[in-house]
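This report refers to the structure that appears directly beneath it.
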Amino acid sequence: MAEKLEVKELDQVVVRFSGDSGDGMQLAGNIFSTVSATVGNGISTFPDYPADIRAPQGSLTGVSGFQVHIGAGQVYTPGDKCDVLVAMNAAALKTQYRYAKPGATIIIDTDSFGPKDLEKAQFQTEDYLGEMNIDPNRVIQCPLTTMVKDCLADSGMDMKAMMKCRNMFALGLVCWLFDRDLNLVANFLREKFAKKPAIAEANIKVIQAGYDYGHNTHSSTVNVYRVESKEKVPGRYMDITGNKATAYGFIAAAEKAGLKLYLGSYPITPATDVLHELSKHKSCGVITVQCEDEISGCASALGASFAGALGVTSTSGPGICLKSEAMNLAVIMELPLVVLDVQRGGPATGLPTKSEQTDLLQALFGRNGESPMPVMAATSPTDCFDAAYQACKIALEHMTPVVLLTDAFVANGSGAFKLPEMAKLDPINPPYVPEELKGKWTPYMRAENGTRYWAVPGREGFTHILGGLEKDSNTGAISTNPENHDLMTRLRQQKIANIQVPDLEVDGDVNDADLLIVGFGSTYGHLRSAMDELRAKGYKVAQTHFKYLNPLPKNTAAVLSKYKKVVVAEQNMGQLAGYLRMKVDNFVPFQFNQVKGQPFVVEELVNAFEDILKK
Amino acid sequence: MSYTAQDFKKGQPRWCPGCGDHFFLASLHKAMAEIGVAPENVAVISGIGCSSRLPHYMATYGMNTIHGRAAAIATGAKVANPNLTVWQVSGDGDGLAIGGNHFIHANRRNIDLNMILLNNRIYGLTKGQYSPTSPRGFVSKSSPYGTVEDPFRPAELCFGARGHFFARCVATDAKGTVEVLKAAYEHKGASVTEVLQNCVIFNDHCHDVVYNNEGRKKNAIYVRHGEKLVFGENNEFGLVQQGFGLKVVEIGKDGYTLDDVLVHDAHCEDNTLQLKLALMGNNDGFPIALGVIRDVDAPTYNDAVYAQVEEVSGMKKYHNFSELLETNDIWEVK
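If you're matching them up, the sequences are chains A and B in order. Using the numbering used here, you'd call the opening residue of the first sequence number 94 and step up by one each time. Using the numbering used here, you'd call the opening residue of the second sequence number 852 and step up by one each time.
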């Protein structure tokens, strides 16, 4: 038993729930983050699930974790390491302890540390805490399984159903530790299990038991943490993962444009949740086709766009390889198409469940011929909504395929999402061919901004053919004329260059920074936190972050050239740095590159940037 | 509104003189006029290859896409816009080699596409390599000593993929071609029409036995639902069932009468005998089957997709994005 734990008044706290894949750690974590957000805390979550298809119960490879970061103000990442680790069994303690800060509080279910459990977790002795060098004073050792059984003894539930409530006991303990209002938790569960009130009540009972256990047995020795809410932004919120936010962005954009949303997709980790999410919403008119392969996912989406829908395809890196030919067809046919790449570790099958930013150059250049294509990268789970929405807007208004890069980290992570208002979202106006051009129109006739007009099948007087062969810019007929090909290549290039994207914003010591931190996409939060920490240490540091990668923001060169030192930090071997060097004269940045399949660790960033500042 | 073939014509075809594609195109124009769907409500979608140039000569909406993907692209177009009549045109390489996966899955899903397979058993545009329908031992530029592989038989692939419509015609036979194209259009669901045609440059004479009227009289049988399976210059031969197979008999000989001859049943769900008809080659006295060999009603993918949208819409309480948002666990920060 813990003898004496320290009082902690915190601006932010990180809790990691870990257990077997079936232990319901994600649900416990979600409830905790949602309840915290309800009282106005900033939240960010990240699940860490095993790659094994079905690892044996209690084994080291079967452990899944769910990390929740809550803060008094906004939090930008799920946190490097945790202040509280919940380990539901021996394997969880063994594999997850390395994510705990020194001095972190550990909650374990002692009932899951029997001889067999210890053997499965590859402990050598019964003194597992000693073996891992864990101070027992930091550990809340709770016979959790026994207590859940006792608590539900009269419920009439069978053993299997009772065991499913273990996660709620752990949640109750954590709620006590953080002084959370159990009424909020109860309300959440009653809504979630509205159709199964008995399950809701059993869960609430177990949570209360966990809370009371903490209160009764530890309140004299353990002090609760408090995380106040300091920077409340009023509004209505929901917890949303990046994949769900992406799906929502597509739905909102299609509705705004007055078009049917068509998703052609093939299951692939970690993008499949987008297919799952969109498949649910047929009542919003969403059409999803699970295709025979990645090729067909993209090709059918392009066919859908030709026929007058918003065609979207979702995948991860290996799928992009296969979609490339149809993406290229969209380039030359100049039809709208949104290609979502939820990046994962590569090459080839690589690390399917892990996160990287290694597809940037593939998205920008990975096709035959001159194939300019807008590329965007979402900067946080909630930003996936805006990124997806804007990707659709660009695709539809500029008649072009657009690549939207997210990655396993933002796709599976979550944050508090302020509900958007449909009326306030940007308008989306595709360049439909004006009726007065009837009789004069040819397929590659362009509007002022260089965009080809869209003539949707069904319109009389505008029948035409598009295709993969180069066409004459005036007549639309197949052409191998050298001058025409050169012209069409330039027109396609210029059309993309003409797309208006927001300027780069610079945060921090905008005018006198000694170091500018540069990144793109999902690393925004980690780089932002690193900047905050460096500034707290007294350094002059600024940050800018790319969401739009092609075309680049107009002020890119000006921003990058303004600071003495620039570091480009990315989860690849230098793809953004190389790309920027190609686009900005005399740009020679420092680089921070890491390809571990894991999110950046803020502490490591701070150390590396400090070294650069001292050079 | 009625149409003529002229309403569907566009441009000057660039195929080699004598190519089967010319004949087929003329029949397609004629069939579309007789079908009577307005050109703006028709999309003709092809892949890559000589025959895939076809949409350029259609006054409809069209796409001449990338190699092998016509069926996939057509699938998206039809699902997104079910009011369009979609024709998907591929050659044997485009449809059955690089596009084989999309071919079988379009059939399995039973999406309402009119799939045309122009089969000249050769790669023409790349100048003469064997295709997945070239017979074993076929000598070509890429098989100078003969191929060492067996070909696909398109009907077998279609049936194997649970296809519900299969027809065959010869490009030079305008009447037979127009007839099956109209039947393909009338069939709701995926239809496969195999068009036998030559490649005058690289594989001339490949369908010689049925390429002209005389040849067809001798070597082909026109199958029509509900009619006796008889053939020959004077309909003197018939097909009867023997054991697990078919047999050619001469009517009036060996005790066989017209009553013994099978009646064609294109609507039969069980495709066993239809497959036997489709697989008859010009050997052992068997004729090559032309016409609509299989034509069975089944739920189409596109109809089912929209029926489900309607059903789910009736069940769910949210029908737009704002309402969808409200289905989540929402909290308010004041």
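Don't be surprised by glycine CBs; every beta carbon is placed ideally from N, CA and C. Values in this document were obtained by computation on a predicted structure and should not be read as measured data.
- Distances from the CA of Y1062(B) to each of F874(B), K861(B), K860(B) were compared; the closest alpha carbon is that of F874(B).
- In the DSSP assignment, K511(A) falls within the unbroken beta strand (DSSP E) covering 507–511.
- Checking the DSSP bridge columns, you'll see D113(A) partnered with V156(A).
- DSSP places D1146(B) outside any alpha helix (DSSP H); the residue lies instead in the beta strand (DSSP E), whose first and last residues are 1139–1146.
- Spanning the alpha carbons of E885(B) and T855(B) requires a straight line of approximately 7 Å.
- Residue contact check for E891(B) against chain A: a CB pair falls below 8 Å.
- By the Cβ rule, the region 897–908 of chain B counts as touching the region 862–870 of chain B, because three or more pairs are nearer than 8 Å.
- Among the CB atoms of chain A, none fall inside 8 Å of the CB of D1135(B).
- By the neighbour-count criterion, in which 16 or more other beta carbons inside 10 Å mark a residue as buried, L518(A) falls on the buried side.
- Residue-level contact check: G1014(B) does not touch chain A, since none of the beta carbons of chain A fall below 8 Å from its beta carbon.
- Residue nearest to E1045(B) within the set A1006(B), F1172(B), T916(B) is A1006(B) (criterion: CA-CA distance).
- Y632(A) and D607(A) have their alpha carbons spaced roughly 8 Å apart.
- With 16 or more other Cβ atoms from the protein chains shown falling within 10 Å of its own Cβ, H1038(B) counts as buried.
- The region 1088–1104 of chain B makes no contact with the region 1053–1061 of chain B, as fewer than three CB pairs between them are under 8 Å.
- When the beta-carbon positions are compared, L403(A) and Y341(A) stay at least 8 Å from each other.
- Scanning G112(A), K323(A), G265(A), N296(A) for the CA closest to the CA of Q105(A) turns up K323(A).
- Residue-level contact by beta carbon holds for S1164(B) and chain A, with a gap shorter than 8 Å.
- The alpha-carbon separation between N952(B) and C901(B) amounts to approximately 21 Å.
- The alpha-carbon of R960(B) is positioned some 13 Å away from that of G1011(B).
- Judged by beta-carbon spacing, F693(A) lies beyond the 8 Å limit of A470(A), meaning their Cβ atoms are not closer than that value.
- In the assembly as shown, S622(A) is a buried residue. Its beta-carbon has 16 or more other beta-carbons within 10 Å.
- Beta-bridge pairing by DSSP links V432(A) to T406(A), V496(A).
- When DSSP reads this structure, Y641(A) sits in a beta bridge with M469(A).
- Relative to the Cα of A346(A), the nearest Cα in the group G671(A), D204(A), F478(A), Y190(A) belongs to F478(A).
- Three or more beta-carbon pairs drawn from the region 230–246 of chain A and the region 255–268 of chain A are found closer than 8 Å, and the two stretches are therefore classed as touching.
- For Q1159(B), the residues of chain A that pass the 9 Å Cβ criterion are K375, in the order they occur in the chain.
- In this structure, DSSP gives D202(A) an extended state, which the three-state scheme calls strand.
- By the Cβ neighbour-count rule, P575(A) is exposed, with fewer than 16 other Cβ atoms within 10 Å of its own.
- A Cβ-Cβ separation of about 6 Å places D113(A) in contact with G155(A) under the 8 Å criterion.
- Secondary structure note for Q684(A): its beta strand (DSSP E) is the uninterrupted segment 683–686.
- Assignment of W269(A) by DSSP, reduced to helix, strand and coil, places it in the helix class.
- Per DSSP, the continuous alpha helix (DSSP H) segment holding I589(A) begins and ends at 575–590.
- Against chain B, a Cβ distance below 7 Å from A345(A) picks out F1172.
- Counting along the chain, N970(B) sits inside the beta strand (DSSP E) bounded by residues 965–970.
- At least one CB of chain B lies nearer than 8 Å to the CB of S389(A).
- Taking C-beta atoms under 8 Å as the contact rule, N542(A) and N604(A) fail to qualify, at a distance of about 35 Å.
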